[in-house]
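Below is one structure; the comments refer to it alone.
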Amino acid sequence: MENVTPLGGDVYEIDTRLAGYAGITAGYLILGDRPCLVETGTSTSAPVVRDALDSLGVGAGDLATVVVTHIHLDHAGGVGDIAGMFPAAEIVVHEKGARHLADPSRLMSSARMVWGERLDTLFGMLKPTDAARIRALGDTGAIDLGNGRRLTSHYSPGHAKHHVGLVDSLTGDLYVGDAAGVYIPDTGDVRPSTPPPDFDLETALASIALFEALGPQRLLFSHYGPVDDVGSVLERSAEELLIWVDLAKQAKGELLDLDHAVAMVDQRTRDRYARPAPGDKAAEHIEMLSGTEPNLTGIMHWLDRPKT
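Going by the working numbering, the sequence shown opens with residue 5, and the numbers climb by one from there.
So this is what it looks like as structure tokens:
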């Protein structure tokens, strides 16, 4: 299938085609004795993911594990659908997100407030998963991939309090979720991902430092794709956070409202990122998922939070 890319080590990138567009959200299949899907994409992406797994020989009874780095809908919105399509799969998530997969009502209500009518087009509805099938991870944990191979989980909040990174013991791949930001493969740019309500600068920088200390051979971004230049990309990720927080502090000091703060940050970061071609719908959706306004809102929320 054209949306499936082999990455070596029995790892396959699956473009989950968020809202029908390519190159925005990736899931990954680790194919082995115990096949494991990392990230499901959205609910509306579930049929795309199912067909991709089928093309790789993974049928309804074959998938052993589904693990998500965190429960935001672009990463885990399809968990309930995929759980129904693959009834033998165990669903693995950090303990702070587990209850929302079993009962998504609160999460969906919050998402509806943020996205409004766009929720249905972008993400669809996260369906409940039987709690008996969910395994909640602590700050560290392991997922058996078979034949001595495993994924180890590492708690990495900052972007979200229910976020984990995942290291493959065979390949050295590190699934970074959103904790290292958004990688744009066409340009090599790294953009921050700092949405409310969980963003915390110190915690986010500590998560990036943890990723570096783990010594991965490769980073696998959910947005988007594999990166071999681990050190420089993680360095850029931390640098972007510091720049955006400094700009948010300046906007706050100048008493700018959100619209004017967004315009200021856009202007002052203009030369840091390649500009998308006019009419590039995929680029527009990337901007929607990790755009200036949600990033700045998350940083402002953190700045306003009482510091202990």
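Built from N, CA and C at the ideal position, the CB exists for glycine as well. What you are looking at is a predicted structure, and each value in this text was computed from that prediction instead of being measured.
#1: Count the other CB atoms within 10 Å of the CB of P2; is the residue buried (16 or more) or exposed (fewer)?
#2: Helix, strand or coil, according to DSSP, for S157 in the structure here?
#3: If contact is defined by three or more beta carbon pairs under 8 Å, each pair taking one atom from either stretch, is the region 101 to 121 in contact with the region 148 to 159?
#4: Can you list, in chain order, the residues of its chain whose CB lies under 8 Å from that of A80, leaving out five sequence neighbours each side?
#5: What is the DSSP secondary structure of R79, reduced to helix, strand or coil?
#6: Counting pairs of Cβ atoms below 8 Å between the region 187 to 204 and the region 163 to 173, do you hit three or more?
#7: Just how far apart, CA to CA, sit D233 and D66?
#8: Give the single residue among E297, L11, R195 and A140 whose Cα lies nearest to the Cα of R279.
#9: Taking Cβ positions, are G36 and D58 nearer each other than 7 Å?
#10: So V72 is in the beta strand (DSSP E); what residue range does that whole segment cover?
#11: Does the distance from the CB of T125 to the CB of D78 come in under 7 Å?
#12: Run through DSSP, which three-state label would I28 get?
#13: Go through its chain and collect everything with a Cβ distance to H227's Cβ below 6 Å, but skip five positions before and after it.
#14: Quick check on the burial criterion: 16 or more other C-beta atoms within 10 angstroms. Buried or exposed for H76?
Well, looking at it:
#1: This structure cannot settle anything about residue 2, because the visible part of the chain is limited to 5 through 312.
#2: strand
#3: no
#4: E43, T44, V72, H74, V97, G101, L105 and L130
#5: The residue you asked about is not Arg; residue 79 is His in the sequence shown. Of the three classes helix, strand and coil, the one that applies to H79 here is helix, per DSSP.
#6: yes
#7: If I take the Cα positions, the gap works out to 34 Å.
#8: R195
#9: no
#10: From DSSP, V72 is part of no beta strand (DSSP E); its letter is neither H nor E.
#11: No. Outside cutoff.
#12: coil
#13: Residues of the same chain with a CB within less than 6 Å of the CB of H227, apart from the 5 flanking positions on each side, are V186 in chain order.
#14: buried
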